[in-house]
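Enquirer:
If you want it as C-alpha cells, here you go:
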C-alpha cells in the first residue's frame, strides 16, 4: 500500500512538473524534430538506402546454391533377339549437387552500382536535413508568434488598467461637478473597449500556443514557452550584403549539396550504361552425384546411399565470356539518355543556386525593410508617449476635450502595437538570414 501511494504521488508530481514547464526555443525545435511525421518517414527512407547499399555489396560475392531432385519410373524392355519382353521394373533415383558462381567482370557495373548506393545514403541524409531545416523555421516562427501575442496582451492589459484608473478619476470629477455625465460614460465606454481588446489578445495568445503545441505534438493544456531576450534587438545588420550570406549558404544548404550529388549520380549512371559495351566474364564451380534403386516385387535392390554418392561424384569448374556485338542500339540509347539526364541535373543545380540566391536577396531586403520599420516604430512610440503624457496633463487641467484626448491615446496604443509587430518581424527575419548562412543558434 505504501509503495502504491509513493508511485501515485510521484506520478502526479511528474504531471504537475510537466504542466509548469516553460519550453525553451531549443526544446521546442528538438521536440518537433523528434515527433514530425515527415521526418520519421525520411528516416525510414534513409534505412532503405542503407539496405540498398548492403544489397549492392552482395554483387561482389559469389552465389551459392544446393539442389536435389528425384524421379520414379517403371517399364519393361523388349529383346529383339529372343523376341522376349522383360518383366516390368520400377526404378527410383535422384541427384544432389552444389554450385557456386561469381561475376569476375561486367564492365565495372557492380562497382558503379555500389557507388550509387553510397550516394543514395548521402542523398537521403540531405533530404532529411532539408525537412529538418523547414520544420525548425516553422517552430521558430511559431515560437516568436507566441511571444508576440504575449507582449500584445501585456500592452492591452496596461491600457485596460489605465482606463480603469481614469474611470475612478472621472468619477471623482463628476461628483465634484467638473465634468458632465456624458464624459464619464465615454470613459466607461473606452474602458469596455480596452477590456474587449484584452479578451481579443488572450484569444490570439491561446491560438498561437495551440498552433505551436500542435506543431510539437504535445498537449496544449498548460503549455507555455520561456521568454527570449528580444527587448531591444540590435539595430546593426549582421551581414553587409546578401552575397556574404549566399556564399556561406552554398556550402551549408542541403538542397545545393543534394543537387551536386545528383550530378555525381548521373556520372555513375553514364558509366553503368557504357559498361554494356564491355564483355561480361563469369566463373563457376560445381559438384554433383546421383543414386538409384530398383524396386522389385520381392523387395528393393539397395546399395549403400553414401557409397553411391561417392562412386558417382563429379565436379568441375567453368567460366563464361559474353561479348556484346549488337543489341539493336539499346546500349547507345541508354548512354544517350544518361548523358541527357546529367545535363538535366546540371541545370537543376543552377536552378537551385538561382532560387537560393533570389530567396536570400529577398530575405536580406526584408531584414533591411523590417529594420527601418523597427527604427521608425521606436521613434514613433517615444513621440506618442510624450504626446500622451502632455495630453493627459492638458486634459486634467481642462484645456483638452475628451475626444481629442482619446485620439492621442489611440495613437499611443497603435504605436505600441506597431512597435511590437516590427520588433518580432525584424527578429524573425534576422534569424532567417542566420539560418541561410548556417549560423542560427537556438537557445
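In my numbering, the protein residues as written are 1253 to 1695. Beta carbons: idealized from backbone N, C-alpha and C, even for Gly.
What residue range is occupied by the uninterrupted beta strand (DSSP E) comprising residue 1528?
Expert: Position 276 of the chain shown, counted from the start, is the residue given in the question as residue 1528. It is not in any beta strand (DSSP E) - residue 1528 carries neither H nor E in the DSSP assignment.
Enquirer: Could you say which of 1572, 1376, 1369, 1686 lies nearest to residue 1499 if we only look at CA atoms?
Expert: In the chain shown, residue 1499 corresponds to position 247, counting from 1. It is 1686.
Enquirer: Given that a residue counts as buried once 16 or more other Cβ atoms are within 10 Å of its Cβ, and exposed if not, what is residue 1397?
Expert: Taking the first residue of the chain shown as 1, we reach residue 1397 at position 145. Burial call: buried.
Enquirer: Enumerated in chain order, which unbroken segments of the alpha helix (DSSP H) with a length of 4 residues or greater are wholly contained in the segment 1500-1545?
Expert: For the segment 1500-1545, whole alpha helix (DSSP H) runs of length 4 or above, ordered along the chain, are 1506-1526.
Enquirer: Looking only at its chain, what residues have a beta carbon closer than 6 Å to the beta carbon of residue 1647, apart from the 5 residues adjacent to it on each side?
Expert: If you number the chain shown from 1, residue 1647 lands on position 395. Excluding sequence neighbours, residue 1647 sits near 1657.
Enquirer: Could you tell me the boundaries of the alpha helix (DSSP H) in which residue 1662 lies?
Expert: As a first step, residue 1662 must be located in the chain shown, where it is residue number 410. Here the alpha helix (DSSP H) through residue 1662 covers 1654-1689.
Enquirer: Suppose only complete runs of 3+ residues qualify. What are the beta strand (DSSP E) ranges in the segment 1262-1327, listed by chain order?
Expert: As far as the segment 1262-1327 is concerned, its whole beta strand (DSSP E) runs of at least 3 residues are 1315-1327.
Enquirer: Is it buried or exposed for residue 1361, if we count other Cβ within 10 angstroms and need 16 for buried?
Expert: What you label residue 1361 is simply residue 109 of the chain shown in a count that begins at 1. Per the 10 Å Cβ criterion, buried.
Enquirer: Restricting to Cα atoms, I'd like to know which of 1429, 1416, 1403 is closest to residue 1453.
Expert: Translated into positions along the chain shown, residue 1453 becomes position 201. It is 1403.
Enquirer: With a 10 Å radius around its C-beta and 16 neighbouring C-beta atoms as the bar for buried, classify residue 1439 as buried or exposed.
Expert: Here residue 1439 corresponds to residue number 187 of the chain shown, with the count starting at 1. Under this definition residue 1439 is a buried residue.
Enquirer: Tell me, to the nearest whole angstrom, how far the beta carbon of residue 1522 is from that of residue 1587; I am working on the premise that it is less than 8 Å.
Expert: Indexing the chain shown from 1 puts residue 1522 at position 270. Indexing the chain shown from 1 puts residue 1587 at position 335. Between residue 1587 and residue 1522 the Cβ distance is about 7 Å, and since that is below 8 Å, they are a contact.
Enquirer: When DSSP labels each residue in this structure, what does residue 1479 get in the three-state scheme?
Expert: On the chain shown, residue 1479 is found 227 positions in, with the first residue counted as 1. In this structure, residue 1479 counts as coil in the three-state DSSP scheme.
Enquirer: Do residue 1520 and residue 1368 come within 7 Å of each other at the CB atom, strictly closer than that value?
Expert: Here the question's residue 1368 lines up with position 116 in the chain shown. Here the question's residue 1520 lines up with position 268 in the chain shown. Contact: yes.
Enquirer: With DSSP as the reference, please indicate the residues paired to residue 1347 in a beta bridge.
Expert: Translated into the one-based positions of the chain shown, residue 1347 becomes position 95. Paired residue(s): 1321, 1542.
Enquirer: Secondary structure at residue 1257, three-state DSSP: helix, strand or coil?
Expert: Against the chain shown, residue 1257 aligns to sequence position 5. Note that residue 1257 scores a pLDDT of 41, beneath 50, so its modelled location is shaky and nothing firm can be said.
Enquirer: Should residue 1570 be labelled buried (16 or more other beta-carbon atoms within 10 Å of its own) or exposed?
Expert: Translated into positions along the chain shown, residue 1570 becomes position 318. Exposed.
Enquirer: For the segment 1295-1308 against the segment 1490-1509, do three or more pairs of beta-carbon atoms, one drawn from each stretch, fall closer than 8 Å, so that the two count as touching?
Expert: Output reads no: the segment 1490-1509 does not touch the segment 1295-1308.
Enquirer: Going straight from the alpha carbon of residue 1292 to that of residue 1277, what length do you get?
Expert: Translated into positions along the chain shown, residue 1292 becomes position 40. Translated into positions along the chain shown, residue 1277 becomes position 25. Between residue 1292 and residue 1277, the C-alpha separation is close to 21 Å.
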